[in-house]
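Under numbering that gives the first Met the number 0, residues 0 to 436 are what the sequence shown spells out, in order.
The structure appears right after this line, and notes come after that.
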Amino acid sequence: MTAASGSRQGTALPRVAGQAAEEDLRVLFGQSIAVFASLAGPVHLVEAANPAFFAAIGEDRARTGVPLAELMPELADQGFIALLDQVHRTGEPYTGRDVRIVLGAGPHAREAFFDFTYEPRRDEAGEVVGITVIGVETTQVKHAQLLMAEHRALLEQIARQAPLSEVLDGMARCIEDLAPQEVLVSVLLADAEGRHLLHGAAPSLPAFYNEAIDGIATGEGVGSCGTAAHRGEPVVVTDIGTDPFWDDFRELADRAGLAACWSTPILARDGSLLGTFAMYHRVPRAPQESDLALARVFAGTAALAIERHHDELARRDAETRAEAARADLAEAVRAEQKLRADAEHRAVAAAELAERMRAAATEQAAVPHPEHCQLGGADGCAAPAELKVADAWGDAAWGCHDHAEEALLNVRSAFIASEELGGLAAYVNRRPAPRTG
Ligand SMILES: [Zn+2]
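In structure tokens:
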């Protein structure tokens, strides 16, 4: 036995998956103990029966010296007394396999399955004097087989990446359908910090209950689930009506008709909290070892489903971020190429402008002009005037090379003035020029 599977107390250790799960499965399939009863006479008087027999039919009916039909009135309608009569009459034994029987009546009735034999007992003369009943209850095996088939289907669903809510919902319904007693399943999901529990799946709990529970904090004394999440170990509340963990939720649970709640934390492989798996009951109940095994098996299944879901979300997130990074990079490259092209353009344009300015300055050098630059603004400029610039509105000024360049680059429609250019005036009211071929 491993340390992980051996201790259920105060451990947040991840379970050693294979071994612990196998043990849980063994518990789920149960150990079958033979039931035995010795019946006498044509009324099938119960002479003797072993403890397993009384455990199977209910301890409150552990009596001998009464006819079987009186001890278990439910048998007659199901044909079992008629079968006994037949064996008693014919002396032929009868064997049944996996026979369904409803034990008890009313709210305490339970469905069970048995392999059994009715064996006639004879006296020294060979006359049938009674019947020996030997049986093995197969209910647990039958339920466990059905449960494991569902479990396998869930694992397949997880493997093909079905949506998490679908997997958890299916899991809750399968446990509810197969449990021998009425049980309501709830799965809560821990937030990233493990501080709160969010609605996961609870197909049979009333909506008002799910809404009230959605977002509860994890912590000591916060119902069964908040406490189980906080402790990292199962919390069994057998009676919500009296348990202090439920002080804040008692009224709510009462309104939802809930009387017991066993909660098992859902832990990741690294031991971190993924959520809780809870089984609610309509009446106060303490779990059997097989109930706890069932909870562990399905908490493990839920862990698998949730971890796969997280992995998938992380993968999609990484993909989105990689996509965004690729788009950013492409954009940066485009912008850089544009900047470089602009800079090259500007350099070419600046060289051309400088060339034109030099040529104009040479041309204008002979023209009378002010001695100093007129474009220095309020501070003035002491540099020699080299170039005449003008704008489209008719203003003109002489500037040094730098100021002239600044004006040409920054003032809209500034141009290098040429003494030959007379502006628009020359074109206003002019006579049409004779066409020359
Ligand atoms: Zn200047």
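Where a beta carbon is used, it is the ideal one built from N, C-alpha and C, also for glycine.
Predicted model only: the values in this text are computed from it and were never measured.
On the CB-based measure, 16 or more other CB atoms within 10 Å of its CB, does proline 162 come out buried or exposed?
Looking at its Cβ environment, which holds fewer than 16 other Cβ atoms inside 10 Å, proline 162 is exposed.
With a threshold of 8 Å on Cβ separation, who are the neighbours of phenylalanine 53 within its own chain once the five nearest residues in sequence on each side are excluded?
Once the five neighbours on either side are set aside, the close Cβ partners of phenylalanine 53 are Arg60, Ala61.
Three or more C-beta pairs under 8 Å: does that hold for the segment 178 to 196 against the segment 234 to 246?
With the cut-off at 8 Å, the segment 178 to 196 and the segment 234 to 246 do not touch.
Using the Cβ count rule (16 or more neighbours within 10 Å means buried), how would you classify phenylalanine 248?
With 16 or more other Cβ atoms within 10 Å, it is buried.
Rounded to the nearest angstrom, how far is the Cβ of threonine 138 from that of phenylalanine 115, given a contact under 8 Å?
Not really, about 13 Å apart at Cβ, beyond 8 Å.
Helix, strand or coil for serine 271 per DSSP?
Correct three-state label for serine 271: coil.
Is it true that the segment 320 to 331 meets the segment 345 to 353, where meeting means three or more beta-carbon pairs spaced less than 8 Å apart?
No, the segment 320 to 331 does not touch the segment 345 to 353.
I need the straight-line Cα distance from serine 412 to glutamate 335, nearest angstrom please.
Looking at the two C-alpha atoms, the distance is approximately 30 Å.
Expressed to the nearest angstrom, what Euclidean distance is found between the alpha-carbon atoms of alanine 416 and glutamine 373?
Going by the C-alpha atoms only, they are around 14 Å apart.
On a CA-only basis, which of Asp310, Gln180, Leu188 is nearest aspartate 168? Give me that one, please.
The option with the nearest alpha carbon to aspartate 168 is Leu188.
What do you reckon, are the CB atoms on methionine 356 and glutamate 404 nearer than 8 Å?
It is a contact, given that the beta carbons lie within the stated cut-off.
Does the segment 125 to 135 come close enough to the segment 34 to 42 to have 3 or more Cβ pairs within less than 8 Å?
Taking 8 Å as the limit for Cβ pairs, the verdict is that the segment 34 to 42 does touch the segment 125 to 135.
Starting from aspartate 316, trace the alpha helix (DSSP H) both ways and give me its first and last residue.
288 to 363 is the span of the alpha helix (DSSP H), which, as asked, contains aspartate 316.
For the beta strand (DSSP E) that contains cysteine 260, what are its first and last residues?
259 to 266 is the extent of the beta strand (DSSP E) around cysteine 260.
Where does tryptophan 245 sit, in a helix, a strand or coil, going by DSSP?
It is helical.
What does a CB cutoff of less than 6 Å around aspartate 238 pick up in its chain, not counting 5 residues either side in sequence?
Contacts found: Pro283.
Just to confirm the assignment, what range does the alpha helix (DSSP H) spanning proline 50 have?
Proline 50 -> alpha helix (DSSP H) spans 50 to 56.
Taking 7 Å as the cut-off, is the CB of alanine 377 close to at least one heavy atom of ligand 1?
For ligand 1, not one heavy atom lies less than 7 Å from the Cβ of alanine 377.
Is the CB-CB distance between arginine 121 and glutamate 110 below 8 Å?
No.
In or out: valine 236 buried (at least 16 other Cβ within 10 Å) or exposed?
So valine 236 ends up on the buried side.
Specify the secondary structure class of proline 106 as computed by DSSP and reduced to three states.
In this structure, proline 106 counts as helix in the three-state DSSP scheme.
Would the segment 168 to 178 and the segment 148 to 156 be scored as touching if the rule is three or more Cβ pairs under 8 Å?
With the cut-off at 8 Å, the segment 168 to 178 and the segment 148 to 156 touch.
Compare the Cα-Cα distances from aspartate 246 to each of Arg325, Glu58, Glu232, Thr226 and report the closest residue.
Comparing Cα-Cα distances from aspartate 246 to each of Arg325, Glu58, Glu232, Thr226, the minimum goes to Thr226.
Which value, in whole angstroms, describes the spacing of the CA atoms of leucine 293 and valine 65?
Roughly 38 Å separates the two Cα atoms.
Would you report the Cα separation of valine 42 and leucine 204, rounded to the nearest angstrom?
The alpha-carbon atoms of valine 42 and leucine 204 are separated by roughly 48 Å.
Near threonine 63, what residues of its chain come up, given a Cβ to Cβ distance below 7 Å and the 5 sequence neighbours on each side ignored?
Only Val45, Glu46, Ala47, Ala48 meet the Cβ criterion.
How is the beta strand (DSSP E) around histidine 195 delimited, first residue to last?
195 to 200 is the span of the beta strand (DSSP E), which, as asked, contains histidine 195.
Mind checking glycine 436: buried by the 16 CB within 10 Å criterion, or exposed?
Residue placement at glycine 436 cannot be trusted, given a pLDDT of 44 that sits under 50; what the coordinates show is reported in the next sentence. Its Cβ having fewer than 16 others within 10 Å, glycine 436 is exposed.
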